[in-house]
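Here's the structure, in structure tokens; my notes come after.
Numbering (the working numbering), first residue to last: 5 to 437.
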């Protein structure tokens, strides 16, 4: 029978939400000021470069995130070997990402754009130490990650405001990605040591590396496909329409919609250990899963309705008249939140059940529909075509997620999750704890 800690998961969720809320606020307030200062052309170059780096990041991340958390929970005695192996895999992979990003940009773009892409890619090296965060997730100690992120966001925001004040060139803003990643890595090391853990005890094991890579192969494939169809839009807009200003307009609308993505990630990262720990108590596990789904879907519906009603006003207020195409993109793209929120929880469930192959199939289906639709719709509908392509693929994947694995149970969970009563039960559970 699964045993749930009294306060750990609730507190972990609250810490996660604090960090993600801070990220949303910083992204909207300071991020918008940066976008307005750079303008759609210069911002389009950064958005384009970030997409190239993000697609190739899979060769550093290697799909290890949730997998390492699961391994740390189920194999506590192998902590140092798991973390050490994961670190070196990601560290070596980060140089593959840097080389691939610069190579692609140097072939397709001018020297200035290639330089910006290189500056953006440096951050991947420092992100190798994010394996420490996997330990904090497995130990349900989300407060360390939350404090780290909030400190970094605050200092980074001050520096970005200063760069705006002195009218710094584009290169300085591109370098901020590496600075933020380096600061997060340093703070993670400090908190890890504060928790009584030591990096010097980490060990690399070729056997462990093979074990992790074999387990992560389906996740690597699905993550690459996911990142490809999520980030190819900006690259294809530049390729088809040959205008960084349009990339900037598109990304400005999308980034506000995507700001909400941190909410399901925070919730799932906080409660995933609980779902794993209750794997031997299926009724309790399914109950917690249904409650999580309910929170996800109603949170997404609230965001979608609000964004649709007030999108024009909000985007114009944030960006001004120079980003004239961003409001329309935002009001289309905001509808992707419903399948994204659901899919984040569903992916965690598949990992808990060791059924990653369903995630791969879903990503393949989703990716094919989105990419084919983008090739057709971007030349016809411009940047709105990219947003419509995301809608087509995401809702097709949504249907797949409900019926692919144990369709009868999946449909039952979906129907149960539509009942807001589940959310009330979660609050009662939290209060009683």
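Where is the CB? At the ideal position from N, CA and C, for every residue including glycine.
Looking at the secondary structure, which residues open and close the alpha helix (DSSP H) in which residue i lies?
| i | result |
| --- | --- |
| residue 213 | 210-245 |
| residue 332 | 330-337 |
| residue 133 | It is not in any alpha helix (DSSP H) - residue 133 carries neither H nor E in the DSSP assignment. |
| residue 257 | 248-262 |
| residue 185 | 174-198 |
Look up residue i in the DSSP assignment and say whether it is helix, strand or coil.
| i | result |
| --- | --- |
| residue 143 | coil |
| residue 395 | helix |
| residue 53 | helix |
| residue 422 | coil |
| residue 8 | For residue 8, the predicted model reports a pLDDT of 47, less than 50, meaning its position is unreliable; a value from the coordinates is still stated below. Correct three-state label for residue 8: coil. |
| residue 327 | coil |
| residue 357 | coil |
| residue 315 | helix |
| residue 206 | coil |
| residue 292 | helix |
| residue 90 | helix |
| residue 126 | coil |
| residue 66 | coil |
| residue 270 | helix |
| residue 148 | helix |
| residue 435 | Confidence in residue 435 is poor, its pLDDT being 49 and thus under 50, which makes the residue's placement unreliable; the coordinate value appears in the next sentence. Helix. |
| residue 79 | coil |
| residue 409 | coil |
| residue 104 | helix |
| residue 201 | coil |
| residue 306 | helix |
| residue 400 | helix |
| residue 170 | coil |
| residue 113 | coil |
| residue 386 | coil |
| residue 61 | coil |
Spatial neighbours of residue i within its chain, please: C-beta separation below 7 angstroms, excluding the five flanking residues on both sides.
| i | result |
| --- | --- |
| residue 58 | 231, 235 |
| residue 248 | 45, 48, 49, 52, 242 |
| residue 4 | Nothing can be reported for residue 4, as the shown portion of the chain is limited to 5 through 437. |
| residue 421 | 294, 297, 298, 301 |
| residue 92 | 208 |
Report back the beta-carbon spacing between residue i and residue j to the nearest angstrom; my notes put them in contact at under 8 angstroms.
| i | j | result |
| --- | --- | --- |
| residue 87 | residue 206 | 5 angstroms |
| residue 27 | residue 201 | Rounded, the Cβ-Cβ distance is 25 angstroms, inconsistent with contact. |
| residue 408 | residue 352 | Not really, about 15 angstroms apart at Cβ, beyond 8 angstroms. |
| residue 335 | residue 315 | 4 angstroms |
| residue 370 | residue 233 | 6 angstroms |
| residue 333 | residue 257 | 3 angstroms |
| residue 71 | residue 216 | 7 angstroms |
| residue 337 | residue 394 | 6 angstroms |
| residue 37 | residue 174 | Going by Cβ atoms, the distance from residue 37 to residue 174 rounds to 15 angstroms, so no, they are not a contact pair. |
| residue 76 | residue 139 | 6 angstroms |
| residue 260 | residue 319 | 7 angstroms |
| residue 360 | residue 223 | 6 angstroms |
Among residues of its own chain, excluding the 5 on either side of residue i, which ones have a beta-carbon nearer than 6 angstroms to its beta-carbon?
| i | result |
| --- | --- |
| residue 95 | 132 |
| residue 105 | 56, 57, 60, 121, 125 |
| residue 127 | 181, 182, 185 |
| residue 225 | 364 |
| residue 373 | 396, 397, 400 |
| residue 84 | 205, 206, 207 |
| residue 161 | 30, 34 |
| residue 264 | 307, 341 |
| residue 102 | 125 |
| residue 392 | 381 |
| residue 250 | 241, 387 |
| residue 239 | 55 |
Looking only at its chain, what residues have a beta carbon closer than 8 angstroms to the beta carbon of residue i, apart from the 5 residues adjacent to it on each side?
| i | result |
| --- | --- |
| residue 134 | 94, 188, 189, 192 |
| residue 418 | 297, 406 |
| residue 99 | 129 |
| residue 414 | 405, 406, 407, 408 |
| residue 163 | 180, 183 |
| residue 402 | 342, 343, 346, 347 |
| residue 424 | 298, 302 |
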